[in-house]
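Quick notes on the structure that follows.
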Amino acid sequence: MIQWFVSVVDGTYTSTVLIAKSLIFTTRFGCNFGYVVFSFLWLYVLIAKFNETEELANSGVLYLHEIWNKRVCGKIDAEFRYLQLISLRMHNTEIEFNACGYFSLNWRFFQMVVSALTTYLVILLQFYI
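Everything in the sequence shown is counted per the working numbering, starting at 2 for the first residue and increasing by one.
So this is what it looks like as structure tokens:
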């Protein structure tokens, strides 16, 4: 992820400098801009799939509660206690994708990347201008 961030900052900065120099119709600009767009689309799709998987996995406890509520019918035995235990475990343990425990891979991470990229780009452009 760090290498991805560095390459996106470099590609965005180079594209912005080429726009400032009015060199929009060059191969270098097209390659840099295409790489930046592809990188952001890749990150967007990756986080969208992580988020979708988290939501589906965390909604499984609702289905388990529905099954438990339909089957209990006043009689409680060992199987229903076990089902209740599993549903409580699933309810208390939420699935979350993260990068080696450092940060969660969700929409807040995407927002953090965009804001950090914008900050670095503003700093680099201040040195250029």
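Here a beta-carbon is modelled for each residue, glycine too, at the ideal position from N, C-alpha and C.
All of these numbers come straight from a predicted model, not from anything done at the bench.
Query: 4 or more residues per run - each alpha helix (DSSP H) lying fully within the stretch 13–91; Result: 28–59, 61–73
Query: Cβ shell of residue 58 (< 7 Å), same chain only, five flanking positions each side left out; Result: 96
Query: Straight-line gap, residue 107 to residue 41 (C-alpha atoms, nearest Å); Result: 14 Å
Query: Three-state secondary structure (DSSP) of residue 107; Result: coil
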